[in-house]
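Working notes for the structure below.
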Amino acid sequence: MSLQMVIGGAGTGRLETVYRRLIEESLANPEKNFYLVVPEQYTMQTQMKMVELHPGHGVMNVDVVSFPRLAYRVFDELGGIQKTILEDTGKSMVIRRLLSEDKEQFEAFAGSVNKNGFVGQAKSMLSELFQYSVQPKQLEESRKQIGEGTVLGKKLKDIQILYEAFKEYMADTYMTSEELLDVLADRVDDARILRDSVMYIENFTGFTPAQYNLLKRLLKICERVVVGLTIDVKNKPYELGQEYQLFYLTKETLWKLKKICTDIHVEQEEDIFLETQESDSELDFLEKHIFRFHRFEPWKEQPKHIHLYALSHPVEEIRFAAAEIRRRVMQEGMSYKDFALITGDMSRYKEAARRQFSSMKMPLFVDDKASMTENSFVEMLRSSMNVILKDFSYESLFRYLRSGYTQVTSEAVDALDNYVLATGVRGRKKWSENFIKRYKKFKEDDFLRINESRMQVVQELEPLFLMSKKGTVSEYTTALRTFIANIQSEEQLNSFVEEFKESGEFTRAREYEQVFDAAMDLLDKCERILGEESVTLKEYMEILEAGFEEIKVGVIPPTLDQVVLGDLKRTRLGDVKVVFIIGCNDGVLPMPAATGGLITDREKEILAQSDMELAPTGRQNSYREKFYIYTAMTKPKLELVLTFAQMDGSGKAIRQSIILKDIQSLFPALEAEVPETWDKGRVLTSINESSLYLLEGMRHPEQRTDLWQTLFGWYAGQKDGREKLMNWISKMYDAEKTGRLSSAVIEALYGQRPRASITTLEKYAACAYAHFLSAGLKLKERETFELLPPDLGNILHQAMERFSKRVEESEWDWHTMPDQFRDKTMEACVRDAGMEYQSAVFLDNARYKYYLEQLVRMGKRTAWTIQKQICKGEFVPAGFESSFSVGEKIQLIGTVDRYDVYEGEDARAVRVVDYKSGRKEFDLTEIFYGLSIQLVVYLEAISKLEAERHPEKPVIKAGMFYYHMKDPLLNELVEDPADRDNQLASLLKMDGLVDSDLEVVKWMDAHLEETPEVIPVKLTDKGVYTKGSSVASSESIDLLGYLVHRRIEELADGWMSGDISVRPYALQKGTKKKTACDYCRYRGICHFDERIAGCNYHQLHHLSGDDVWKKIYEEVEEEWENRGPSNSSRS
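Per the numbering used here, the sequence shown runs over residues 34 to 1164.
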């Protein structure tokens, strides 16, 4: 019986040396049993390597195992295990049960036992105690040493209570996976397969107390035990050193194994030392000096086999690595298995890697167990129970119906979705009855089909209905099993497996093959352990969720020739030539210390002083992570590639890892490169890949290579390729080049003379493509059972129309109506308009009822203000909701909310008022560019109408205004009612443009020296308009009307010529930018993005009032001077 150590640093070929010695020894002793023990995740890779090295390409008397597999080999010989092994899922359930039974006994954790996450923390704590062979008695002794009244003492008491209850519950029935090696240690003496065997142990950095205990027993019965450890032989292997030093972990392992041999009197054979062969390689230089504390002369030249790249974000790191691997495989004859990607944070990179490698048809093995929580079957179970928990809410129900497991067809689901969204059907009670709410787009046959689908949904979910009330875990589990069987989910899973296999997605196929059995096993555990416990549905779902989180589905690499993506701690790389360490960023490499847990790092250090060993602290783990980084960096035989991201996924800047400074201290000439042309020499092997490559070059012209130019030319030379290019270009580049409809299409969409509102024409001025989608294709958002800001504005508009008619029909007018009549009438009008617009919404819940009350207040304030404004001048309302039609090429229709008239002896003056519920401001610049022509068109139309009705008098265009319907709050408390009313009136004055003739202005408000309450005009004490007054001469107002007429013709020409270019406007005003895309509902269709080459805004600049008038005159000067007399203005 003896122990021998094989010691060597990275790059010494220690693994292959150990494997070859083992093979030679096994060939020389064919009757003897040999074992090669490696970490669980490394067994298959080691088996393949042994077969490769073995002369007979087989290992008849060598068994490659992990410690757990070794245990099962022994138990198979000795008659199996008498107890059921309780995995993490079962442990969590037992702990949950024990906490509910014993929570009154807890002191330190009394306030935490019912909090989310506590069960997981408790499970981790107990697993740690089992793994490090800590007994309840030790907890009690440590508690007495530390002090029972201390915080740590109280924690230890609570942990001891839970630990003892857990062990008592397990008793003769269960055992934890951590106890497996302790049970094995007790039985190895009886195992004939181990007696006088030879055992090699490799690829471990250290052992747990349970593993050391097992090794102690093995050393007594095995003929020889050989352990390989990673230690630089020049680093004084037998001197333990300091905890922060690179090889402390493996030196500590060496020291503990030597002590065991001394304690049990086992022979220690002469250790084998392997030194790195002297070479001038950069990788060897890195291995000798990284993370060391000795003096050295830095590598002066630019390293050729170590590279550092800066990429914009994590996805770009993956794309860069994938492109480099593809290039070298195709051009240099390398294999995919020659490459590995290593990261400190798998969650950040694995999905992006899967997508990228899949799109490039490259084999990738992600060395990470898949979590069940991400599986569609689990999502289906989660969403189905949420339907019951949330009483058939829209979100939960359609998450279930779109999970892929329901028997309802996708077409029926779409129809149900539209109906429910538009009518607001909610709740199991309403779903259990025939739908009767009318939806304007649905015919009688549609109702019949909708109700058939409704019934099918209810029948599917019926087994879960009993979950709506409190029950036992057993009752809930039985209901869930019945539901799973009824919807034939196992058959659906099998069909998914076949689809994955057909498409070559063998990893996902393997995951879906395991998920059903894993889920059923979880339900069995629930029933067996928690069966009669009474819970709510929410609590039951939490139990299942915790169980699903614990279940990890292991997958076998589907092929030998593949790129490996792994993490620093778990992954054990074989022979690789090139290693990409991606994510060399702060917080990724190294990863920050984990937080949380029942016992803090400081408390662990206190316990260590009382000889209680637990899992490493955060500080210790940071030292160990450097060792893992060292191992990864020294693994490649040819090249090490380091990459870091400059931004995270959200665009936030992130820092480089401090590890890069350590590397650059060895190689001062190593600087980060930005691989702008990283795909140089790229080889494209699929249509999909070439399409993606072309699109990328279109987005980023600076990345276009000769290959891109060649590929573009090839596409352009093929008929199908040309069509693809034109489609891409129309979407990604300035669509003005290709965005034009034929005359036949124009007529089919709009007719020979389109009929449109002024708002529609303004939309065309803002963005021709958005106008095409709206007016041409008539794309609309789905109707929803809710009130949006535009809906509230529509209701107020309708209420104002009703109010105006009722005033007209009453005995009062705007000057004489009393406050009580005004308020009572307006309230009735708002309520009537609201109920007619969407009565079901306002009756649905308290929030919408509050909205209605808010509308009533706004309506009253609007009526009060308008009456006040009318009473302060001599204009009287002459028309409400007055319709008109103008235009030649297109028929422009409009409805003026209100226009007022002043009747003078020599002339009639008109002003138009448009009610607004949003933040629309009067802006001459927007009128000039054709973006906001509504008020001008209204004034021109009403002036023309009045001139035709009263030809005996000239018509004065007195003003055009927006009135904002709102009920503002004052910034400070004003006690005097009159002052308060004046301040409110000032805030609610109209916004627009007024004829500068003082006489006309005073027809609107005779008190302009005071704070303006009607129009945006004020006079100084000398009778001069203040700087902020919005006035213009009658000629200028006529000129504005003429310009707008021209803009209408221009926009109509563009519309009827078929121009649908994707060129939205952007109006710059100081530092603020307003664009057509700001609130556009079609952004998801056009994909306009200013960052994409060719996507350009129609850039406009805000102009001062004087500049606007100057530009208007310059544009229409000649035509204006030659115009005929206008009968719609003063002579």
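The beta-carbon is built from N, C-alpha and C at its ideal position, and this holds for glycine as well.
Keep in mind the model is a prediction, meaning the values are calculated, not measured.
Please report the residue range of the alpha helix (DSSP H) in which histidine 830 lies. For histidine 830, the enclosing alpha helix (DSSP H) starts and ends at 822-842.
Reducing DSSP to helix, strand and coil, say where alanine 1167 ends up. The structure shown does not extend to residue 1167, since the chain is modelled only from 34 to 1164, so the question has no answer here.
Three-state class that DSSP yields for histidine 1134 in the structure shown: Strand.
Whole angstroms is fine: what's the gap from serine 404's alpha carbon to glycine 580's? Serine 404 and glycine 580: Cα-Cα distance of roughly 11 Å.
To which residues of the same chain is alanine 373 closer than 6 Å at the C-beta, ignoring the five residues directly before and after it? For alanine 373, same chain residues with a beta-carbon under 6 Å away, outside a window of 5 residues either side, are Val597, Leu606, Val609, Val612 in chain order.
Quick one: give me the first and last residue of the beta strand (DSSP E) that glutamine 924 is part of. Where glutamine 924 is concerned, the enclosing beta strand (DSSP E) stretches over 924-936.
Close beta carbons around glycine 46, own chain, < 8 Å, minus the five adjacent residues each side: Counting only Cβ-Cβ distances below 8 Å, and skipping sequence neighbours, we find Leu307.
Closest Cα partner of arginine 931 within the set Gly182, Met833, Tyr68: Considering only Gly182, Met833, Tyr68, the residue with the shortest C-alpha distance to arginine 931 is Met833.
With a CB to CB cut of under 6 Å and the five nearest residues on each side skipped, what residues in its chain are close to isoleucine 293? Contacts found: Lys249.
Span separating the alpha-carbon of serine 1090 from that of serine 837: Serine 1090 and serine 837 have their C-alpha atoms spaced approximately 42 Å apart.
Ranges of the alpha helix (DSSP H) found wholly within the segment 299-355, counting only runs of at least 4: Within the segment 299-355, complete alpha helix (DSSP H) segments of at least 4 residues are found at 315-322, given in chain order.
For valine 70 versus leucine 103, is the C-beta distance shorter than 8 Å? For valine 70 and leucine 103, yes; Cβs fall inside 8 Å.
Nearest-angstrom Cα separation, counted from leucine 454 out to serine 486: Taking the straight line from one Cα to the other gives about 15 Å.
Taking one C-beta from the segment 1011-1019 and one from the segment 972-989 each time, how about it: are there three or more such pairs within less than 8 Å? With the cut-off at 8 Å, the segment 1011-1019 and the segment 972-989 do not touch.
Buried or exposed (CB count within 10 angstroms, at least 16 for buried), tyrosine 364: Here the sequence assigns glutamine to residue 364, which means tyrosine is not the residue at that position. Per the 10 Å Cβ criterion, exposed.
Using a Cβ distance threshold of 8 Å, determine whether the segment 265-281 contacts the segment 634-641, with at least three qualifying pairs required. Short answer: they don't touch.
For leucine 598: DSSP bridge partner residues: Per DSSP, the beta-bridge partners of leucine 598 are Leu374, Val399.
Using the Cβ count rule (16 or more neighbours within 10 Å means buried), how would you classify threonine 1044? Per the 10 Å Cβ criterion, exposed.
Measure the C-alpha to C-alpha separation of valine 221 and alanine 243 and round it to an integer number of angstroms. Their Cα atoms are separated by approximately 14 Å.
If arginine 944 sits next to phenylalanine 908, beta carbons under 8 Å apart, how far is it from one beta carbon to the other, in whole angstroms? Yes, they are in contact, since the Cβ atoms of arginine 944 and phenylalanine 908 sit about 6 Å apart, within 8 Å.
CA-to-CA distance, lysine 1143 to asparagine 1129, given in whole angstroms: Looking at the two C-alpha atoms, the distance is approximately 28 Å.
Tell me which same chain residues have a C-beta within less than 8 Å of the C-beta of asparagine 519, skipping the five on either side of it? The residues are Glu493, Pro496.
Pop quiz: isoleucine 791 and isoleucine 966 are said to be a contact at Cβ under 8 Å. What is the actual Cβ separation, rounded to whole angstroms? About 6 Å; that satisfies the 8 Å criterion.
Is the separation between the beta-carbon of glutamate 58 and that of phenylalanine 67 shorter than 8 Å? Yes; because the gap between Cβ atoms is below 8 Å, this pair is in contact.
Beta-carbon separation of tyrosine 281 and tyrosine 661 under 8 Å? No. Outside cutoff.
Taking the alpha-carbon positions, what's the histidine 1135 to glutamate 954 distance? So the two alpha carbons sit approximately 14 Å from each other.
Cutting at 8 Å between CB atoms, please list the residues of its own chain near valine 1007, excluding the five before and the five after it. Result list for valine 1007: Arg1013, Gln1016, in chain order.
Short check: CB of valine 946 to CB of tyrosine 883, under 8 Å? It is not a contact, given that the beta carbons lie outside the stated cut-off.
Return the bridge partner residues of serine 916 from the DSSP annotation. Serine 916 pairs with Thr928.
Is it buried or exposed, valine 707, if we count other Cβ atoms within 10 angstroms and call 16 or more buried? With fewer than 16 other Cβ atoms within 10 Å, it is exposed.
Relative to the C-alpha of lysine 136, which candidate in Lys156, Ser160, Ile194, Arg1079 has its C-alpha closest? The closest CA to that of lysine 136, considering only Lys156, Ser160, Ile194, Arg1079, is found on Ile194.
With DSSP as the reference, label isoleucine 696 as helix, strand or coil. Shown here, isoleucine 696 sits in a helix according to DSSP, grouped into three states.
Could you tell me the distance, in whole angstroms, from the CA atom of lysine 187 to the CA atom of alanine 143? Their Cα atoms are separated by approximately 11 Å.
Spatial distance of phenylalanine 700 from proline 347 (CA atoms): Rounded to the nearest angstrom, the two C-alpha atoms are 25 Å apart.
State buried or exposed for valine 778, treating a residue as buried only when at least 16 other CB atoms are found within 10 Å of its CB. Sixteen is the threshold: since fewer than 16 other Cβ atoms of the shown chains lie within 10 Å of the Cβ of valine 778, the residue is exposed.
Would DSSP call proline 242 helix, strand or coil? Shown here, proline 242 sits in a helix according to DSSP, grouped into three states.
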